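Residue numbers (this note's numbering), protein chains in the order written: chain A, 923 to 1382; chain B, 3 to 454.
Structural data, given as structure tokens:
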């Protein structure tokens, strides 16, 4: 009965086609829902593609190295006894041929919906996806998620969140059309707030989520090394845009131009946080904690008390988030990417350290999963490692704010006794003026500063 | 509330339900054009037309009727009785909801003051919170052609006249023109239907126009499309109509070229209420450019439909009462024409759906293959469902056939709930019903229709 068609997922708003880098499973392998089937190259990143159904990988229709349009059938998962000929036939006879044609592939196949009822049990894919939650064997996040849900549930604010299902498989209220669009575009319904009656997720909510960018955040001042001036050779060369650079180039003006940014900078005394970090990192068996982890924790906790900053401009309304999904900008050779640390407000410092490191490492290896690339409610960009004093970042719409973090510097400070040496760090928040005002941003920053200057609060 | 047409009286009642004190102003009878001169009385006439038709085809059911007489005057009288009853119903609802009715013509003298000129002089009403305008619309004519309601009549005359003409030329083949063509033809009038656009019921899907043209022509209605009328003057059998497609004459001409907003004398200009192409410009909560003044119904723009006015009336009342009403979804207003066979549609036509290169899947199912329709002897028409190929979203539905106007709501509800073809498909439709054709047309979208 269960035949699961594996199609090229839409992993970002701009994505029209994807290239299969490598199949991690081969024909005949037993597959469980949630298993990583293949690695896919998109315009933004290399992403691991999960199975949405279980069975045996009966057929690989598009071999590694080929590029196909979003929605194209690339493989079939089914029980051994299942007849998959009809499904395979829809790929247009010869799959690689259809694949090579790219845009022609979906039109050559029958309309996806036409055969869906016959081929796939009518369970929405996205529900299936989330019901099982990502279960990466090494991912420390997965076992934590039920606990996260408990923590959230205990907070009165969270109970107001519309349509926020419990992590134990609560039903997501969504219209059938919203479910279909979400399934086709890889949007996770559990991460969307519904604007329909009773918090029901309707089409416009999914479309809004689709158009929220998967990554990209900070206005990174040029990261490329300065070219050696030379007297001979050509005067210039035109380097073609990499897919990522091209995506950033398209995305950023969409933020900077329409979003009225304002900036608030504050200086934080990091002496105690620095000392605490050294003490924590000296402990046996504890994960190494970075300054950035302190900042993530401080920013996330403070957002709970400043929901107006954890908010997004929605045209007719402001969406205030009750959970903090922290986007963490990670610089790469060829650009940057902003993986999302979900429920950062509910994670301990140690958990943040582990998760953030895992995300950053996998970002560099281009091994992020779809759901780790979207859904941030707030972002942090840290250029401290480049010995930057301070800078301002571009907001990553539809988020309402981003914090830019400078280096922790040793500077002369005035103490009661005279002049001393202190560790200082600049935080600059960029805020969407449509969502909040200067004083809101300033008060938020003041509380972040307070937490970092009394860092024991971050441990309790 | 200035005007008590379908928008106005619904708005007044909703406002009263929400605890507001409501005064209404009406220069005719409560219920407006819809109840008195439009929707309701014409449905009564069309029912007569249908009964005549049934008698005429009784033979095919093995029933012989002798000496059948269809008295047109009696049909109009019955229609008036129906309208009276409905208007009284509105008066009853006003009493029930403690809504005061001020007979007379209302006009704004300031943003919250309405002068009512009645038989006994002027009454001044001052609104504490807001004024809602719902003054409706009136029939338009062609340039240089005066409607005298004798030779050249509008729907207002047509619905009142107890004498039927021997022959009539109807200019305009929208809902009004087509419905009167049906009534007159059923009572033996020679009917010529002229339309400037290339097809009748031009806002409907092209296939509907084509098949309806065939149906009406078969019944002896002369249809000329793509003709521009250049002159209408007395002569010949009564009136002569010159067009670029020939000369027509008839005892009467019915002008059914559309309706225009009634906005004169309401006091809009002096208050600086912004207009847009002849209609009052309104916000999603039906507020005009002047705060505290709301406008609903025909005067607030297309589509000029009673049910759209009612929906707007509710939104305006709720907004004034401080609720946060869901704005009217103008993309999901059903359109219904009550000729035989009936026309009903919602959403996009095939041509509109394909604009912009969207890939659509279309399912069509004829009533000839529907058991109930065959049993009823009403096999004309079809159901056509237009869906998005990728998501199965129901983009538009077009029904031509008996009871089409009742059947369309399955899709209206579906679209409101954002159902896709899958949900319609998995909904068991009772057998035998005409609505099974809706199910089959939906299955046809997926290439899975059973009964064809």
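Glycine included, each C-beta is placed from N, C-alpha and C at the ideal position.
Nothing here was measured: the structure is a model prediction, and the numbers come from that model.
{"Item": "Between the CA atoms of residue 1198 (chain A) and residue 1378 (chain A) - distance to the nearest angstrom", "Value": "8 angstroms"}
{"Item": "8 angstroms Cβ cut-off: residues of chain B touching residue 1241 (chain A)", "Value": "The contacting residues do not exist; residue 1241 (chain A) stays about 16 angstroms from chain B at best."}
{"Item": "Length of the line joining the Cα atoms of residue 1115 (chain A) and residue 929 (chain A)", "Value": "26 angstroms"}
{"Item": "Span separating the alpha-carbon of residue 190 (chain B) from that of residue 46 (chain B)", "Value": "18 angstroms"}
{"Item": "Contacts around residue 1243 (chain A), its chain only, beta-carbon distance under 6 angstroms, and the 5 residues preceding and following it disregarded", "Value": "1232, 1299"}
{"Item": "Residue-level contact to chain B via CB, residue 1009 (chain A), 8 angstroms cutoff", "Value": "no"}
{"Item": "Cβ-Cβ distance between residue 289 (chain B) and residue 319 (chain B) below 8 angstroms", "Value": "no"}
{"Item": "Minimum Cβ-Cβ distance from residue 1311 (chain A) to chain B less than 8 angstroms", "Value": "no"}
{"Item": "N- and C-terminal bounds of the beta strand (DSSP E) containing residue 236 (chain B)", "Value": "231-237"}
{"Item": "Min CB distance residue 1095 (chain A) to chain B below 8 angstroms", "Value": "no"}
{"Item": "Within-8 angstroms CB hit, residue 932 (chain A) to chain B", "Value": "no"}
{"Item": "One or two residues paired with residue 1304 (chain A) in a DSSP bridge", "Value": "A:1327"}
{"Item": "Proximity test, Cβ basis, 8 angstroms: residue 366 (chain B) and chain A", "Value": "no"}
{"Item": "For residue 189 (chain B), the first and last residue of its enclosing alpha helix (DSSP H)", "Value": "That residue, residue 189 (chain B), is in no alpha helix (DSSP H); it is neither H nor E in DSSP."}
{"Item": "Cβ neighbours of residue 260 (chain B) in the same chain (closer than 6 angstroms, five flanking residues each side left out)", "Value": "142"}
{"Item": "Positions along the stretch 419-447 of chain B whose CB lies within less than 9 angstroms of some CB in chain A", "Value": "419, 420, 421, 422, 423, 424, 425, 427, 428, 447"}
{"Item": "Backbone CA spacing between residue 431 (chain B) and residue 422 (chain B) [nearest angstrom]", "Value": "16 angstroms"}
{"Item": "Identity of the residues DSSP links to residue 256 (chain B) by a beta bridge", "Value": "B:155, B:172"}
{"Item": "Under 7 angstroms by beta carbon: chain A residues contacting residue 395 (chain B)", "Value": "1099"}
{"Item": "Contact set for residue 1252 (chain A): own chain, Cβ-Cβ below 6 angstroms, skip 5 residues either direction", "Value": "1259, 1282, 1285"}
{"Item": "Host beta strand (DSSP E) of residue 1248 (chain A) (start-end)", "Value": "1248-1250"}
{"Item": "Chain-order list of residues whose beta-carbon lies under 6 angstroms from that of residue 227 (chain B) (same chain, five-residue window excluded)", "Value": "197, 200, 201"}
{"Item": "Segment contact, 8 angstroms Cβ cut-off, at least three pairs: the stretch 5-21 of chain B with the stretch 1360-1374 of chain A", "Value": "no"}
{"Item": "Buried versus exposed, by CB contacts within 10 Å (16 or more), residue 932 (chain A)", "Value": "buried"}
{"Item": "Residue 995 (chain A) and residue 973 (chain A) closer than 8 angstroms at C-beta", "Value": "no"}
{"Item": "Residue environment, residue 1261 (chain A), which counts as buried when at least 16 other CB atoms sit within 10 Å", "Value": "buried"}
{"Item": "Under 9 angstroms from the C-beta of residue 325 (chain B): neighbouring residues of chain A", "Value": "In chain order: nothing, as chain A lies at least about 14 angstroms away."}
{"Item": "Contact the stretch 234-253 of chain B vs the stretch 113-131 of chain B: 3+ CB pairs below 8 angstroms", "Value": "no"}
{"Item": "CB of residue 1310 (chain A) within 8 angstroms of CB of residue 1217 (chain A), strictly", "Value": "no"}
{"Item": "Beta-carbon contacts of residue 1254 (chain A) that lie in its chain and below 8 angstroms, excluding the five residues immediately before and after", "Value": "1166, 1285, 1286"}
{"Item": "Distance, residue 90 (chain B) Cα to residue 151 (chain B) Cα", "Value": "26 angstroms"}
{"Item": "CB contact below 8 angstroms: residue 1102 (chain A) versus chain B", "Value": "yes"}
{"Item": "Of the listed residues A:975, A:1317, A:1334, A:1245, nearest to residue 910 (chain A) (C-alpha basis)", "Value": "Residue 910 (chain A) lies beyond the range of chain A shown here (923 to 1382); nothing can be said about it."}
{"Item": "Cα-Cα separation between residue 32 (chain B) and residue 11 (chain B), rounded to whole angstroms", "Value": "8 angstroms"}
{"Item": "Burial state of residue 293 (chain B), where buried means 16 or more other Cβ atoms lie within 10 Å", "Value": "exposed"}
{"Item": "Distance CB(residue 992 (chain A))-CB(residue 938 (chain A)) smaller than 8 angstroms", "Value": "yes"}
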